[in-house]
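To start, the structure under review is shown below, and the notes come after it.
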Amino acid sequence: MLAGCTGGSGTDGDGDTTGRPDATGDVLPASQVDPLVAALPQESVGAVPTMRLADGLVPPTNAWFSGLVFGDQPQPVFPFPFSFQLTDDGFAAGLPMPVASEKAIVGPALPDVTLDVGATATEVSAYDKVSVTVAHLDGDTVLGHTTVAEGSPLVSYTAASAQTDTLGAAVTSTGDGRGTLTVGDATWGVVVTGGDLDGTSVRLDEGGSVVLVPVPDGATDDQVGTVLDAAASPLVSVTTGHRASGSGSSAVSTTELGYETAAGGDTLLVSAPHMGGSATGGDTGLSYETIYGTVPLAVGTSLSFDAPVTTASAGLDLSGLGDDQRQQLGDQVRADVASTTEPAADTYFGGKALYRSAMLMQLAEQLGDDASADTLRTSIVDRLDTWTDPSGCETREQECFVYDPAVKGVVGKVASFGSDEFNDHYFHYGYFLYAAGVVAADDPELAERWQPVMDLLAADIASGSGNGSFPDQRAFDPYWSHSWASGYSPFADGNNQESSSEAVTAYAGLSLWAAATGDDALGGEASWMLSSEASSALAYWLNPDLSGPTADGYDHAIVSLTWGGKRDYGTWFSAEPSAIAGIQLIPLAPSSVSYLTSSAAGGAEQIARVVDEAAASGFDAPLGDYVLMYSALQGPDQAAQALSTLADLPESGIDDGNSRAYAMAYVMSAGAR
Numbered sequence: 006m007l008a009g010c011t012g013g014s015g016t017d018g019d020g021d022t023t024g025r026p027d028a029t030g031d032v033l034p035a036s037q038v039d040p041l042v043a044a045l046p047q048e049s050v051g052a053v054p055t056m057r058l059a060d061g062l063v064p065p066t067n068a069w070f071s072g073l074v075f076g077d078q079p080q081p082v083f084p085f086p087f088s089f090q091l092t093d094d095g096f097a098a099g100l101p102m103p104v105a106s107e108k109a110i111v112g113p114a115l116p117d118v119t120l121d122v123g124a125t126a127t128e129v130s131a132y133d134k135v136s137v138t139v140a141h142l143d144g145d146t147v148l149g150h151t152t153v154a155e156g157s158p159l160v161s162y163t164a165a166s167a168q169t170d171t172l173g174a175a176v177t178s179t180g181d182g183r184g185t186l187t188v189g190d191a192t193w194g195v196v197v198t199g200g201d202l203d204g205t206s207v208r209l210d211e212g213g214s215v216v217l218v219p220v221p222d223g224a225t226d227d228q229v230g231t232v233l234d235a236a237a238s239p240l241v242s243v244t245t246g247h248r249a250s251g252s253g254s255s256a257v258s259t260t261e262l263g264y265e266t267a268a269g270g271d272t273l274l275v276s277a278p279h280m281g282g283s284a285t286g287g288d289t290g291l292s293y294e295t296i297y298g299t300v301p302l303a304v305g306t307s308l309s310f311d312a313p314v315t316t317a318s319a320g321l322d323l324s325g326l327g328d329d330q331r332q333q334l335g336d337q338v339r340a341d342v343a344s345t346t347e348p349a350a351d352t353y354f355g356g357k358a359l360y361r362s363a364m365l366m367q368l369a370e371q372l373g374d375d376a377s378a379d380t381l382r383t384s385i386v387d388r389l390d391t392w393t394d395p396s397g398c399e400t401r402e403q404e405c406f407v408y409d410p411a412v413k414g415v416v417g418k419v420a421s422f423g424s425d426e427f428n429d430h431y432f433h434y435g436y437f438l439y440a441a442g443v444v445a446a447d448d449p450e451l452a453e454r455w456q457p458v459m460d461l462l463a464a465d466i467a468s469g470s471g472n473g474s475f476p477d478q479r480a481f482d483p484y485w486s487h488s489w490a491s492g493y494s495p496f497a498d499g500n501n502q503e504s505s506s507e508a509v510t511a512y513a514g515l516s517l518w519a520a521a522t523g524d525d526a527l528g529g530e531a532s533w534m535l536s537s538e539a540s541s542a543l544a545y546w547l548n549p550d551l552s553g554p555t556a557d558g559y560d561h562a563i564v565s566l567t568w569g570g571k572r573d574y575g576t577w578f579s580a581e582p583s584a585i586a587g588i589q590l591i592p593l594a595p596s597s598v599s600y601l602t603s604s605a606a607g608g609a610e611q612i613a614r615v616v617d618e619a620a621a622s623g624f625d626a627p628l629g630d631y632v633l634m635y636s637a638l639q640g641p642d643q644a645a646q647a648l649s650t651l652a653d654l655p656e657s658g659i660d661d662g663n664s665r666a667y668a669m670a671y672v673m674s675a676g677a678r
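Okay, here's the thing in structure tokens:
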């Protein structure tokens with residue numbers, strides 16, 4: 006990815022901080038979504054959590070800051086590059102100090118600097134996709150608001166009335182309401198506008214503000230002055246825009262984040278590693294050490310960065326297969342069709358079963374096996390007809406969806422992996438969307454029949470017009486270019502994502518569904534999310550840059566769990582190396598081929614490193630079939646070896662979302678590339 010930090014007028018967007026980021030076109034607007042929501046049964050499948058959220062805001066599940074909103078006690082969050090946490094009377098912020106071990110790079114939240122504003126309660130009063138604003142309350146009285154954002158080192162507090170607040174350490178004044186304070190090894194800059202500083206006391210007029218900013222190590226007096234100048238105006242919000250340009254292999258998807266301050270103009274910005282290194286146009290020469298390595302501090306109004314366009318694919322390319330391979334593959338398709346079992350009733354395994362059948366159907370069609378293709382199509386249509394009945398949950402307790410009016414989202418009646426707590430919705434629904442997009446691609450009548458529910462699954466993960474029934478792009482984070490899996494994020498390390506590959510599959514499925522229904526606005530948004538997620542999957546999970554000093558001691562080729570405050574080599578479900586790698590590959594959908602074979606994926610050398618580590622004890626291990634399929638992307642020789650190994654892999658070694666035929670087809674097509 007390439008990045009730029011600009012000092013112009015910022016990105017297109019309305020600056021709204023009520024949970025409505027800027028979108029291109031009307032993506033699933035209220036006029037489209039409201040009647041569909043009304044047709045679903047209304048029910049909270051899981052217990053509704055405590056919410057510290059202002060009236061009128063859509064609950065922001067699956068956000069980097071969800072821990073501020075949900076649960077009995079607020080959790081620390083990681084705006085980047087600093088940590089932020091609410092206290093009994095105000096807030097604390099700190100610059101994490103990364104420490105690496107064999108299996109983790111950690112940077113826990115630190116309370117370097119605190120501000121006591123006399124609050125007795127807090128609530129999130131505004132948010133967009135990148136920033137969040139917290140109201141500090143004394144009873145029903147709003148004392149002031151604090152805004153923090155990803156990519157901004159500013160902690161911005163604005164007083165709602167005249168007041169005197171207390172810092173946790175005394176400020177060494179440099180005059181004009183400015184100074185620095187030091188706690189341990191950390192130095193923070195302090196800038197007061199509309200008030201004054203005196204030791205630990207911060208006097209603010211109504212509308213006055215205090216901005217806190219971590220001073221990078223090694224900053225000279227002149228550089229500290231530059232930092233304080235650029236931090237003078239409190240951050241208000243961040244707008245998000247995206248656009249596509251170019252064509253073919255040169256096509257790119259651009260994300261633009263506009264950082265808006267109370268006074269307008271330049272502010273301090275921090276670009277993440279996947280954005281392409283040092284931002285241009287306003288480099289301060291300073292940087293922060295983070296769990297992601299060294300990141301530059303710049304001055305400007307916006308960040309703009311590109312990702313190569315990743316295109317959703319409905320099926321594998323079998324054009325290079327020989328007659329013998331096609332015969333062998335056809336025999337296995339028929340065997341897999343015959344051995345297909347009854348699907349699961351929950352949204353994860355039920356969705357995976359639909360996806361598996363859709364991939365087998367694609368293979369049968371390409372191989373000219375009309376009988377198998379018809380059998381599979383009939384089965385998929387019957388099952389999707391059941392799942393997409395809007396009133397299904399009125400008559401049964403499974404294979405149906407309801408709308409949760411409290412947390413605002415679509416939930417399957419049978420929960421799995423915490424889906425009733427809004428965990429992993431995009432993983433689950435991506436499988437449904439992929440299957441429906443494939444099967445309905447050439448059948449407008451089917452697409453129309455399934456739309457009342459399938460459009461709601463799309464809206465649950467990808468609304469983009471502030472429709473009020475769902476948060477926009479529920480899990481997707483445009484700053485990091487990836488999604489967050491935990492609905493309520495009840496963790497001291499922030500939110501997290503494990504399966505980068507299922508995230509990519511989700512937005513590929515969204516793209517296929519948008520194409521099947523002719524929804525160009527949704528298709529444009531899906532392409533942006535798919536391209537972004539694929540690029541970040543490589544940058545942070547499958548081919549991360551671990552060369553910096555903050556990663557010294559970490560001893561693995563990949564990172565499998567990315568959090569706000571740490572990076573882990575592990576999974577939620579297994580300690581096996583095959584699972585740790587496999588969860589970054591599952592389900593190896595047709596759309597995976599382009600990004601896993603791109604230059605950013607690290608080539609055969611990185612694939613070999615991942616496979617050698619993951620399959621040291623063989624491929625008959627959790628998710629080992631995906632590791633074996635991935636190994637074929639190294640080249641024809643490795644593909645031939647993978648095909649031979651696959652023939653000896655027992656049925657228990659094939660994941661329930663996979664099939665031996667699809668695994669064979671993936672390996673064969675890789676060898677024919």
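The opening position of the sequence shown corresponds to residue 6 in the numbering used here, with each subsequent residue numbered one higher.
Think of the CB as a built atom: it goes at the ideal place given N, C-alpha and C, for glycine as much as any other residue.
* **Inter-residue Cα distance where the pair is C398 and G156** => As a first step, residue 398 is located in the sequence shown; it is residue number 393 there, counting from the start. As a first step, residue 156 is located in the sequence shown; it is residue number 151 there, counting from the start. Distance between the alpha carbons of C398 and G156 is about 43 Å.
* **Run of the alpha helix (DSSP H) containing Q611, from where it starts to where it stops** => Working through the sequence shown from its first residue, we reach residue 611 at position 606. Taken as a continuous stretch (DSSP letters only), the alpha helix (DSSP H) holding Q611 covers G608 to A619.
* Asked: Counting along the chain, where does the beta strand (DSSP E) carrying I659 start and finish?
  -> For the purposes of this step, residue 659 is taken as the residue at position 654 of the sequence shown. Element bounds for I659: n/a, residue is neither H nor E.
* **Assigned exposure category for P641 - 16 Cβ within 10 Å defines buried** => Locating residue 641 in the sequence shown gives position 636, where the first residue counts as 1. Exposed, since its Cβ has fewer than 16 Cβ neighbours within 10 Å.
* Going by the beta-carbon positions, is the gap between L81 and F87 smaller than 8 Å? -> As a working mapping, residue 81 is identified with position 76 in the sequence shown. As a working mapping, residue 87 is identified with position 82 in the sequence shown. First, the residue type needs correcting, since residue 81 is Pro and not Leu in the sequence shown. No, they are not a contact pair.
* To do: Give a yes or no on whether the C-beta atoms belonging to V50 and V415 are separated by under 8 Å.
  => Within the sequence shown, the letter at position 45 stands for residue 50. Within the sequence shown, the letter at position 410 stands for residue 415. No. Outside cutoff.
* Bridge-paired residues (DSSP) for W193 -> The sequence position of residue 193 within the sequence shown is 188, counting from 1. Per DSSP, L186 and P219.
* Asked: Can you tell me the Cα-Cα spacing of L368 and V632, whole angstroms?
  -> As a working mapping, residue 368 is identified with position 363 in the sequence shown. As a working mapping, residue 632 is identified with position 627 in the sequence shown. If I take the Cα positions, the gap works out to 21 Å.
* To do: Look at the alpha carbon of G607 and the alpha carbon of Y600, and state the distance between them as a whole number of angstroms.
  => Position 602 of the sequence shown, counted from the start, is the residue given in the question as residue 607. Position 595 of the sequence shown, counted from the start, is the residue given in the question as residue 600. C-alpha separation (whole angstroms): 10 Å.
* Asked: Can you name the start and end residues of the beta strand (DSSP E) that P313 belongs to?
  -> The residue you call residue 313 lines up with position 308 of the sequence shown. Start and end: S307 to P313.
* Asked: From A746 to G442, what distance separates their C-alpha atoms?
  -> Outside the modelled stretch of the chain, which goes from 6 to 678, sits residue 746, for which no answer is possible.
* **Exposed unless 16 or more other CB atoms sit within 10 angstroms - verdict on P313** => Walking along the sequence shown from the start, residue 313 turns up at place 308. Classification of P313: buried, given that the 10 Å Cβ count is 16 or more.
* To do: Using three-state DSSP, classify H561 as helix, strand or coil.
  => Taking the sequence shown and counting its residues from 1, one reaches residue 561 at position 556. Of the three classes helix, strand and coil, the one that applies to H561 here is coil, per DSSP.
* Asked: Which residues does DSSP pair with G417 in a beta bridge?
  -> Counted from its first residue, the sequence shown places residue 417 at position 412. DSSP output for G417 lists F406 as bridge partner(s).
* Considering Y439, what are the terminal residues of the alpha helix (DSSP H) in which it resides? -> Translated into positions along the sequence shown, residue 439 becomes position 434. First-last of the alpha helix (DSSP H) with Y439: H430 to V444.
* Asked: What does a CB cutoff of less than 7 Å around Q502 pick up in its chain, not counting 5 residues either side in sequence?
  -> Counting from one through the sequence shown, the residue named residue 502 turns up at place 497. Same-chain partners within the cutoff: H487, S488, W489, A490, A508 and T567.
* Proximity of V304 and D271 at Cβ, strictly below 8 Å -> By one-based count along the sequence shown, residue 304 stands at place 299. By one-based count along the sequence shown, residue 271 stands at place 266. Their beta carbons are under 8 Å apart, which means V304 touches D271 by this criterion.
* **Stretch pair the segment 51-71 + the segment 464-480: three plus CB contacts closer than 8 Å** => yes
* Separation of P410 from G629, as counted between CA atoms -> Numbered from 1 along the sequence shown, position 624 holds the residue referred to as residue 629. Numbered from 1 along the sequence shown, position 405 holds the residue referred to as residue 410. When rounded, the distance between both Cα atoms is 40 Å.
* Looking at the structure shown, is D226 part of a helix, part of a strand, or coil, going by DSSP? -> As a working mapping, residue 226 is identified with position 221 in the sequence shown. Here D226 sits in helix by DSSP.
* CB contact check: D661 to chain C, cutoff 8 Å -> Of the protein chains in the structure, only one exists, and it is not chain C.
* Cα-Cα, which of Q371, E538 and A605 is closest to F432? -> As a first step, residue 432 must be located in the sequence shown, where it is residue number 427. Comparing Cα positions, the closest option is E538.
* Asked: Are there three or more Cβ pairs, one per stretch, closer than 8 Å when the segment 586-600 is compared with the segment 315-331?
  -> yes
* Asked: Is DSSP giving T138 helix, strand or coil here?
  -> For the purposes of this step, residue 138 is taken as residue 133 along the sequence shown, with counting starting at 1. It is a strand residue.
* **Buried versus exposed call for R183 [16 or more other C-beta atoms within 10 Å across all chains shown]** => As a position in the sequence shown, residue 183 is number 178, starting the count at 1. R183 should be labelled buried.
* Let me know the secondary structure DSSP gives V598 once reduced to three states. => Residue 598 sits at position 593 when you count from the first residue of the sequence shown. V598 falls in the helix class under three-state DSSP.
* Counting Cβ pairs closer than 8 Å, one from the segment 165-175 and one from the segment 199-213, do we hit at least three? -> yes
* Enumerate in chain order the residues of its own chain whose CB-to-CB distance from Y635 is below 6 Å, with the five nearest sequence positions on each side excluded. => In the sequence shown, counting from the first residue as 1, residue 635 sits at position 630. The residues are L590.
* Spatially closest choice to V672 from Q330, H279 and P113, by CA coordinates -> Within the sequence shown, numbered from 1, the residue matching residue 672 stands at position 667. The candidate whose alpha carbon is nearest that of V672 is Q330.
* Asked: For D77, does the three-state DSSP call read helix, strand or coil?
  -> Residue mapping note: residue 77 aligns to position 72 of the sequence shown, counting from 1. Reduced to three states, the DSSP call for D77 is coil.
* Three or more C-beta pairs closer than 8 Å, one from the segment 33-46 and one from the segment 436-453: is that the case here? -> no
* Asked: When the Cα atoms are used, what is the spatial distance from G435 to A513?
  -> Along the sequence shown, read from residue 1 onward, the residue named residue 435 stands at position 430. Along the sequence shown, read from residue 1 onward, the residue named residue 513 stands at position 508. Going from the Cα of G435 to the Cα of A513 covers about 8 Å.
* Presumed contact (8 Å Cβ cut-off) between G419 and D351, rounded CB distance -> For the purposes of this step, residue 419 is taken as residue 414 along the sequence shown, with counting starting at 1. For the purposes of this step, residue 351 is taken as residue 346 along the sequence shown, with counting starting at 1. For clarity, residue 419 is Val in the given sequence; the question names Gly instead. Indeed they touch by this definition, with Cβ atoms about 4 Å apart.
* Quick one: using the 10 Å Cβ neighbour count with 16 as the cut-off for buried, is S292 buried or exposed? => Counting from one through the sequence shown, the residue named residue 292 turns up at place 287. By the neighbour-count rule (16 or more Cβ atoms within 10 Å), S292 is buried.
* Is the segment 116-129 in contact with the segment 139-150, if contact means three or more CB pairs nearer than 8 Å? -> yes
* To do: Sort D660, L58 and L308 by Cα distance to V135 and report the nearest one.
  => As a working note, residue 135 is residue 130 in the sequence shown. Of the listed residues, the one whose Cα sits closest to V135 is L308.
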